[in-house]
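The structure appears right after this line, and notes come after that.
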């Protein structure tokens, strides 16, 4: 198996889609990926010429490192930094801002153990015996000298050097890189602290005569090899704990990747069936899904009837009955009957692949709260270095005997304990866990900002069709206006509606075809007004839509007004047809309210959210639906620009507005709202305009999104509060503030342990979000 460089899917080495590039053969999962690669192969392997590895302190542009700069590794996989998502490069490496090891943008289901985890584990366990030995020797040396003063220093030097220079080399390397990139970070502090303790001790061992007599303890110059060694070992231990915990934050994506079956059963044109790898499935293929099997790709039922469990993607626990013509989502479970389906989306085009991509992008985005933490951390390291220098000189000039020694040790303690790693990890870890949790509940956040903003929403504008209602309208009746009869009204309307994406149009076209009515192809077709469609059919100019469209076209609906009102009072939608500027008839289409809409609206209102309906449907129909759902404010027959204007009006009143919709006509309002919420059952345009997508397409998903938003923000605040309190209390103690009052000093080794535990605790606290209750 090889990897498709475009979408990242595993592809067989004999795939029929391939291309030669720079002497290498690359295989693809589909014609679409092959075409993308052919159009611009370079973008999948390296950054544009001139891309720099130097980070600019604005932190606003995506930082890309060319593949020539990246270490050896999987050069076809894009890597990013968990703390700084703007850092992107092909292949593994270290972040030039914080020094943290980069990780794959989208984790692989069968990926090997993290190479950094393996490396740090080896360094930790091999150096641990030396650290223990030098610590015991140093402790024993203070109580009962085992060797002559200078001999003991030399033995400690021999034991400590491998720990510092080999086990700790990655830390010094990252510290040096932070200076080169002018981006001071945790490794700057660790490198300075351990380096100062080790170098001081080496000089004291090799050239003891240059130190004053006050530096001598028990006939030898005091050294701090054990401090440097223990700090290195404890930092390695902290990194091991953190890396293992961080690996769990990608468990949601891995579980999504694991949903997809490995094979599909394809039905050939001659009726024979064979099992093929999933990567060999193409659009248009007919596939059989037997009971107990997973649906291989997105498609449409051709034959059969069965109940399909979609809970793994939609969060809906009740299986959904699927019949001929119904859509199927790849990776969902067929529970009972046998189905024959036609593949409509494969590879990276499936809903599962898009969910994985959206979750990965959201996990790597920055929350507003994180940007604040980044600004603080940028000045924090420099401040800590200044405090460490101040500590050193204050102890030296004003401290007791051996004040300079105390100053050195306390300065090292300040540098180590003030590591900003906990501050940097506080929000990214919460975001990564939250987006994974949300995806498992059928809620997709586009970015971290959406997670923060959903909880603030106090006003929700909802579309009717496909949002409050099922979105699968059923044709009711047609009424003709002289000289047109009902059959002709259906024929002309369905012919024109063949080009429309609206659910009401689909109901009309489906009914016409089921009645055997012969449709003609429209000569012209215009959509996008949000109030209906226009076009030329058999030389006749047609307008098909609501009252607003008729008024715009100057067509009077008076002849059928009374009949339309009676139908609307029962919640039925009315669509008028005008032919060459004159009313030809109307069509009535009913769309049942979703079973969950009433409960969702009631619970949102109980949480203090004002729910407003804005629909292109008629006023009477809209009021009938609103009355059943207890929605007080209703706007009917609105155009797309009217929905957008309503959002702007409410925002001007100080409201935090969310817009929920599923159609092209909702896209402007979705983009304008503080939070746009698209139904996963709607159009791609709507989903691309929104910050949140509800996979199942019902309003209960908004309640889940709000609950998770509240829990996530609370978790981020806990992490940030802990990080700030930890540093605010620990730095003065490490500097020796308590010494004049209680005679207490903080050992650099204790500081290193506290630093490691603080980072790990932030990650583990974020992981608690996996147990959050989200409705």
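Residue numbers (full-length UniProt numbering): 1 to 775. We put the beta carbon where it would ideally sit given N, CA and C, even for glycine. None of the values given here were measured: they were computed from a predicted structure.
For residue i, the three-state DSSP class (helix, strand or coil)
i: residue 92; result: coil
i: residue 333; result: strand
i: residue 575; result: strand
i: residue 156; result: helix
i: residue 182; result: coil
i: residue 243; result: helix
i: residue 119; result: helix
i: residue 616; result: coil
i: residue 601; result: helix
i: residue 693; result: strand
i: residue 608; result: coil
i: residue 740; result: helix
i: residue 773; result: coil
i: residue 644; result: helix
i: residue 275; result: strand
i: residue 401; result: coil
i: residue 745; result: coil
i: residue 84; result: coil
i: residue 709; result: helix
i: residue 417; result: helix
i: residue 549; result: helix
i: residue 128; result: helix
i: residue 750; result: helix
i: residue 260; result: coil
i: residue 328; result: strand
i: residue 383; result: helix
Candidates the options, of which the one nearest residue i by Cα
i: residue 265; options: 338, 239, 320; result: 338
i: residue 735; options: 405, 225, 712; result: 405
i: residue 777; options: 281, 671, 273; result: Residue 777 is absent from the model: the chain starts at 1 and stops at 775.
i: residue 580; options: 564, 605, 544; result: 544
i: residue 426; options: 719, 462, 281; result: 719
i: residue 258; options: 341, 244, 440; result: 440
i: residue 641; options: 626, 673, 525; result: 673
i: residue 679; options: 723, 488, 413, 443; result: 443
i: residue 164; options: 139, 192, 185; result: 192
i: residue 158; options: 137, 176, 172; result: 137
i: residue 577; options: 398, 537, 768, 160; result: 537
i: residue 84; options: 33, 101, 484; result: 101
i: residue 565; options: 517, 622, 541, 511; result: 622
i: residue 569; options: 589, 584, 37, 557; result: 589
C-beta contact flag for residue i and residue j at 7 angstroms
i: residue 225; j: residue 209; result: no
i: residue 567; j: residue 493; result: no
i: residue 500; j: residue 533; result: yes
i: residue 283; j: residue 346; result: yes
i: residue 181; j: residue 96; result: yes
i: residue 600; j: residue 460; result: no
i: residue 418; j: residue 391; result: no
i: residue 167; j: residue 198; result: no
i: residue 464; j: residue 617; result: yes
i: residue 496; j: residue 535; result: yes
i: residue 204; j: residue 230; result: no
i: residue 319; j: residue 309; result: yes
i: residue 572; j: residue 476; result: yes
i: residue 657; j: residue 677; result: no
Residues bridged to residue i [DSSP beta-bridge criterion]
i: residue 541; result: 536
i: residue 306; result: 322
i: residue 288; result: 265, 340
i: residue 174; result: Beta-bridge pairing links residue 174 to no other residue.
i: residue 676; result: 659
i: residue 17; result: 28
i: residue 345; result: 298
i: residue 104; result: 79
i: residue 135; result: Beta-bridge pairing links residue 135 to no other residue.
i: residue 526; result: 534
i: residue 202; result: In the DSSP output, where bridge partners are listed per residue, residue 202 has none listed.
i: residue 585; result: 480, 577
i: residue 231; result: DSSP lists no partner for residue 231.
i: residue 634; result: 613
i: residue 593; result: 469
Short CB-CB distance (under 7 angstroms) between residue i and chain C
i: residue 178; result: This model lacks chain C altogether; it includes just one protein chain.
Open item on the list: Threshold first: 4 residues or longer. Then list the alpha helix (DSSP H) segments lying entirely within the region 430 to 495, N to C.
Closed with: 448 to 454
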